[in-house]
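Let me begin by presenting the structure, written as structure tokens, before commenting on it.
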Amino acid sequence: MLIGYARTSTIAQRAGLEAQERDLAAVGCERIFVEQVSSVDVVKREKLTEALAFARQGDTLVITKLDRLARSVAHLVALLGQLEAKGVSLRILGMGIDTGTPTGKLMLNILGGVAEFEREIMLERQREGIAKAKADGKYKGRAPTARAKADDVVKLHRDGIGGSEIAKRLGIGRASVYRILGEVQEDAGAGK
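Right under this line is the structure:
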């Protein structure tokens, strides 16, 4: 049995999800598991867990692209181990890879390693760029949005507005509102 798995990170990527579902149906997937969740949040990928539990010996899990399934080589290896233990192969449509063959297994491991290598190089360059910008005095980091609105938080609080409503009106988190109010109280207590 061909079992499809489709995933996008956000609801805004609906067209991409529909394209994956269409491609999986076109190759004959009898059951397709679909979810919209970040690949980083491996714990919450319930539909992937369901797909893996549903698969039986001789089945093939089909995905459109490798990044829809695994974020890292370690995660990929773990998933492949689960599939292999159940006698289930993996087919990646966009790469023409099927782990039901020795060549498919080899290619997947090589490509997964290259993808992780590229990501590490990109992150290293990003860190180097940030370090250079800091050294040149050009990198300040993200501006603290809540702190910039501290005066507004205090004014609204004095007007009798509750913390949740203040957060909503100013577009900041509730925790930030209470942190600011706590700091204002500490400053007032220290000034006595």
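In this note's numbering, the protein residues as written are 279 to 470. Ideal placement from N, C-alpha and C gives every residue a C-beta, glycine not left out.
Give me the Cα-Cα distance between residue i and residue j, rounded to the nearest whole angstrom.
i: Leu401; j: His435; result: 42 angstroms
i: Arg309; j: Leu280; result: 7 angstroms
i: Gly451; j: Lys343; result: 36 angstroms
i: Asp301; j: Gly282; result: 9 angstroms
i: Val312; j: Lys416; result: 43 angstroms
i: Thr327; j: Val455; result: 38 angstroms
i: Ala363; j: Leu389; result: 22 angstroms
i: Arg397; j: Ala411; result: 21 angstroms
i: Gln404; j: Glu464; result: 39 angstroms
i: Gly407; j: Phe395; result: 18 angstroms
i: Gly438; j: Ala424; result: 19 angstroms
i: Lys322; j: Lys418; result: 34 angstroms
i: Lys325; j: Leu357; result: 14 angstroms
i: Pro380; j: Cys307; result: 23 angstroms
i: Gly294; j: Asp429; result: 43 angstroms
i: Gln335; j: Ala303; result: 21 angstroms
Can you tell me where the beta strand (DSSP E) holding residue i begins and where it ends?
i: Arg369; result: Ser367 to Ile370
i: Ile310; result: Arg309 to Gln314
i: Ile408; result: Counting along the chain, Ile408 falls outside any beta strand (DSSP E), though it belongs to the alpha helix (DSSP H) covering Pro380 to Ala413.
i: Arg349; result: Careful: Arg349 lies outside any beta strand (DSSP E) and carries neither H nor E.
CB-CB under 8 angstroms to residue i, same chain, minus the five flanking residues each way: which ones, in chain order?
i: Leu361; result: Leu330, Ala333, Leu339, Ser367, Leu368 and Thr377
i: Gly391; result: Val351
i: Leu459; result: Val431, Val432, His435 and Gly441
i: Ala445; result: Gly451, Arg452, Ser454 and Val455
i: Glu296; result: none
The alpha helix (DSSP H) that contains residue i, what's its start and end?
i: Thr423; result: Thr423 to Ala426
i: Arg420; result: From DSSP, Arg420 is part of no alpha helix (DSSP H); its letter is neither H nor E.
i: Thr327; result: Glu324 to Phe332
i: Gly282; result: Where Gly282 is concerned, there is no enclosing alpha helix (DSSP H), although the beta strand (DSSP E) it sits in stretches over Leu280 to Thr286.
i: Asp301; result: Arg292 to Ala304
Under 8 angstroms, do residue i and residue j count as touching if we go by C-beta distance?
i: Gly365; j: Ile375; result: no
i: Lys427; j: Leu448; result: yes
i: Leu371; j: Val305; result: yes
i: Val315; j: Arg285; result: yes
i: Arg349; j: Gln298; result: no
Is residue i helix, strand or coil by DSSP?
i: Leu358; result: helix
i: Val340; result: strand
i: Leu448; result: helix
i: Asp465; result: helix
i: Asp376; result: strand
i: Gly438; result: coil
The ligand MG and residue i: does any heavy atom of the ligand fall closer than 7 angstroms to the residue's C-beta?
i: Thr327; result: Questions concerning the ligand MG fall outside what the structure shown contains, since it holds no ligand whatsoever.
Just to confirm my understanding: we take residue i, look at its own chain, exclude 5 residues before and 5 after, and list those with CB closer than 6 angstroms. What are they?
i: Ile341; result: Tyr283, Leu347 and Ile370
i: Leu354; result: Ala348 and Gly390
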